[in-house]
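The block underneath contains the structure these notes are about, expressed in structure tokens.
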Amino acid sequence: MAKSAINVERVWKEYAVGTTHPRHGTFYDLLGHAMKAPLRLLSRAEREESAATRFQALRDVSFEVQPGEVMGVVGRNGAGKSTLLKVLSRITAPSRGRVTMRGRVASLLEVGTGFHPELSGRENIYLNATILGMGKREITRKFDPIVEFSGIERFLDTPVKRYSSGMYVRLAFAVAAHVEADILLIDEVLAVGDADFQKRCLGMMGEVAREGRTVLFVSHNLTALRNLCTEGLLLNAGSVESFGAIGDVLQRYALGASGEGTSVADFADRMDGEIASLQRVSVGLAESETGASISIATAVSIKVRFSVHKPDSEIGVFVSCLDESQNMVFSTGSFFERALSGVKLAAGRHEFSCEIPGNLLNAGDYTLDVSLIRDRSEVFLSEPAVVAFHIHEVGSLVEGWNWPIRGVIRPNLRWSARIVNDSAVEVREAGSDRS
Amino acid sequence: MSSENDEQYFGHEHVTVIEPLQGWRMLDWRELWAYRELLWVLTARDVKVRYKQTVLGAAWAVLRPLTTMLIFSVVFGRLAKMPSDGIPYPIFVYSALLPWTFFAAAITSSGQSLVGSSHLVSKVYFPRLIIPLSSIGAGLVDLMVSCAILLPMMSWYQVGLTWNLLAAPLLIAAVVFTALGIGTLLSALTVAYRDFTHITPFMVQIWMYVTPVIFPISLVPEQWRRLLYLNPMTGVVEGFRSVFLGRDFDFVGLSISVGISLLFFVVGIAYFERVERRFADVI
């Protein structure tokens, strides 16, 4: 049997947090330590390990990706997706565990890594491609296809600082798209830019997948994941919550940990947020409903719980609902409600909730972006795709109609009919309209 | 070409094993060699960017040491009547300013290089040593340009060409080597302790006065002279003077300095390698 392309064995990644010292140590601290314990000066790293406050970004993560598989990694912000990518890209070393990768690895964590604004497009192609691990001959060979893909021939010798942001991203992506590797690690931030460009990015990824290369793709875009990936990995608070076929993993993600139609996102009870911090976001069947799962007809309740650290702040919750294609279906703010607008909150925990009525959204997968907003103007906390839910189709409502009912929304509209067979009446009515 | 080697390194059979890194470890020369093209590209970038959008462009590489030489010649040569072992003061000070300017610029820029490249360090993997190395490489171009200026100056002051000139490449190697060790150490220290952002320029300033740049080493009492060579730049600067001014080499002093350079180099690389793995977390 062929060996796996990526083999992750019991990987942990710990960060020291909370203490003021380790992240940006100053020389003064070092001197202080040196006076107290001159010989331990060199073992600073070990002392940090013993620091009481540690944050585990990855906990005992194990999984395998076979050659040619395209694996999608999902999870909320802070679930460890980025850390996992960073460990696999060798940007940061794991604290424990072991990763084995077979073949040439290229990691695309952003577009245009190392682009220098003063240099021309041509120079930046060479620079960026070398940083991504291409050799000189390889770049020369791919130079024309890269330029053609980016569509910036005319500006090849212009410094990229004069480029529009669209041109910049296109050029950067063109380089990334031509990286030849057996294993590609791709962060969704790669898919920036307008909708058209995103489509091209995803198209490129689909091509890569068909070429039989191994891909690890981190994204919040559930449709893209469903279409591109064969395998899925769901991370939750640094641990693997689900690993297997992409459909199962996405369903698990949509349903949340409880598996009962409620999706819950818990946040570590952090006190470091200056104004307020999120505690829990949950989405599920509204209490008024009796059914077992969310369907077209049922109402869905959204609850956002947060801690206010700075008393007397006016804090609002803002929720955006995105469908499978990342179209924003609606967005709503708690301060749109007159009773909640301009209200100052006391320190402590608060829960804001709202309900999406039944017979509004069409069947499908939805994700919610949640933000906290101060004074109706300043977004100080934003969590994309924090929870997801799935609206089930309710059987066939109409005998004989076997096609899906399409549309972003699916309101239950009242239809009425009357007989209009008196042509004389109709003409008279139309005529009176005209006058 | 050793592209075959690269093929092995980057190729399809290559197995990457990622494990926690602990303690001191050896520099992975093979990896560094495999990434030499990146070193070249980053150095070229630094050189190109340095004089872009400046009116005088590459002329700055010449103007800086020349201006410094003029000021030093007036202040120390004319006004302070600094002795210069019977050599015209301008050429005496310029031959020392060559390695010194390179060294000062190299350690200052490589000290800042890692912090300045945080966008690279946190987004893509390559041997981090490439970053301070490339910033030193860019300074090397300036050194070459200003060396070329010295030749017409020598004929102007009628300082003859000697066989000692053949040792120039060796001394250039020595100053690069010294800058590498100290620059690498400083770049790693700057990431760990931002204080070095302020310490480095200050240190460079003081360092010049304990190096015989503006004064001849003969000004120092005989019994202390050897002690001065513990500063690796003393050996380099005196060596440059021997090369260009045709004086005898002080081989003992030079060996002491090169030995200290070697020590800095080993310590610098070792410390860098030790803290390298934390860069992305700290930067």
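Respectively, the protein sequence lines represent chains A and B.
Just so you know, we're using the working numbering here: the first sequence kicks off at 236 and counts up by one.
Just so you know, we're using the working numbering here: the second sequence kicks off at 9 and counts up by one.
Glycine is no exception: its CB is placed at the ideal position from the N, C-alpha and C atoms.
All values reported here derive from a predicted model rather than from experimental measurement.
Query raised in the report: What first and last residue would you give for the alpha helix (DSSP H) that runs through B/S250?
Result: 240-253
**Report entry** Distance between B/V101 and B/G85 (C-alpha atoms, nearest Å)
**Finding:** 9 Å
Query raised in the report: How about B/V167: is its C-beta nearer than 8 Å to some C-beta of chain A?
Result: no
Query raised in the report: Hey, is A/M336's beta-carbon within less than 8 Å of any beta-carbon in chain B?
Result: yes
**Report entry** Stretch pair the region 231-248 of chain B + the region 200-213 of chain B: three plus CB contacts closer than 8 Å
**Finding:** no
Query - Beta-carbon proximity of A/V305 to A/A444, cut-off 8 Å - result: yes
Requested in this report: Rounded to whole angstroms, what's the CA-CA distance from B/Q166 to B/I115? Just pull it up for me.
Outcome: 34 Å
Query raised in the report: At a CB-CB cut-off below 9 Å, which residues of chain A make contact with B/V25?
Result: R333, V334, T335, M336
Query raised in the report: If you check the beta carbons only, do B/P220 and B/V183 fall under 8 Å apart?
Result: no
Query - Terminal residues of the beta strand (DSSP E) in which A/H413 lies - result: No beta strand (DSSP E) holds A/H413; DSSP gives it neither H nor E.
Query - Three-state class that DSSP yields for B/Q166 in the structure shown - result: coil
Query raised in the report: How about A/R311 and A/A500: are their beta carbons less than 8 Å apart?
Result: yes
**Report entry** Selection from A/R611, A/V322, A/S617 that minimises the alpha carbon distance to A/G551
**Finding:** A/R611
Query raised in the report: Taking just the CA atoms, how far does A/L344 sit from B/I138?
Result: 20 Å
Query - Spatial distance of A/T255 from A/R289 (CA atoms) - result: Any reading at A/T255 needs caution, since the residue's pLDDT is 41, under 50, leaving its predicted position unreliable; the model's value is listed next. Answer to the nearest angstrom: the Cα atoms are 13 Å apart.
Requested in this report: Check the Cβ-Cβ distances between A/L344 and every residue of chain B, and say whether any is below 8 Å.
Outcome: yes
Query raised in the report: I think A/D604 touches A/A623, with their Cβ atoms under 8 Å apart; what is that distance to the nearest whole Å?
Result: Actually they are not in contact, since the Cβ atoms of A/D604 and A/A623 sit about 11 Å apart, beyond 8 Å.
Query raised in the report: Which word fits A/A527, buried or exposed, when buried means at least 16 other C-beta atoms lie within 10 angstroms of its C-beta?
Result: exposed
Report task. Take the Cβ of A/R573 as the centre, count every other Cβ of all protein chains shown within 10 Å, and call the residue buried at 16 or more, exposed below. Result -> exposed
Query raised in the report: Between which two residues does the alpha helix (DSSP H) containing A/W247 stretch?
Result: Per DSSP, A/W247 belongs to no alpha helix (DSSP H); it is in the beta strand (DSSP E), 241-251.
Requested in this report: Could you tell me which residues DSSP pairs with A/Y601 in its beta bridges?
Outcome: A/F624
Query - Residues of the region 357-389 of chain A with Cβ closer than 8 Å to any Cβ of chain B, in chain order - result: E358, Y361, L362, T365, I366, L367, G368, G370, K371, R372
Query - A/P394, DSSP secondary structure in three states - result: strand
Query raised in the report: Nearest chain B C-beta to A/S454 closer than 8 Å, yes or no?
Result: no
Report task. Could you tell me the boundaries of the beta strand (DSSP E) in which A/S588 lies? Result -> 583-591
Query - Chain-ordered neighbours of B/L40 on chain A, where CB pairs are closer than 8 Å - result: The contacting residues do not exist; B/L40 stays about 14 Å from chain A at best.
Query raised in the report: Comparing the C-beta of A/H393 with each C-beta of chain B, is any distance below 8 Å?
Result: Contrary to the premise, residue 393 of chain A reads as Thr rather than His in this sequence. Chain B contact via Cβ: absent.
Query raised in the report: Helix, strand or coil for B/L40 per DSSP?
Result: helix
Requested in this report: Quick one: which residues of the region 133-150 of chain B get their C-beta closer than 9 Å to a C-beta of chain A? List them in chain order.
Outcome: Y133, F134
**Report entry** Alpha carbon of B/V82 to alpha carbon of B/S250, nearest angstrom
**Finding:** 23 Å
Query raised in the report: Would B/K60 be called buried (16 or more neighbouring beta carbons within 10 Å of its own) or exposed?
Result: exposed
**Report entry** Endpoints, beta strand (DSSP E) assigned at A/N647
**Finding:** Looking at the DSSP string, A/N647 is not in any beta strand (DSSP E), and its letter there is neither H nor E.
Requested in this report: Output yes or no for whether 8 Å exceeds the beta carbon distance between B/G147 and B/A113.
Outcome: yes
Report task. Pick helix, strand or coil for B/M90, following the three-state DSSP scheme. Result -> coil
Query raised in the report: Going straight from the alpha carbon of A/P592 to that of A/K579, what length do you get?
Result: 28 Å
Query raised in the report: Can you tell which of B/W48, B/L235, B/D36 has the C-alpha that lies nearest to the C-alpha of B/L141?
Result: B/W48
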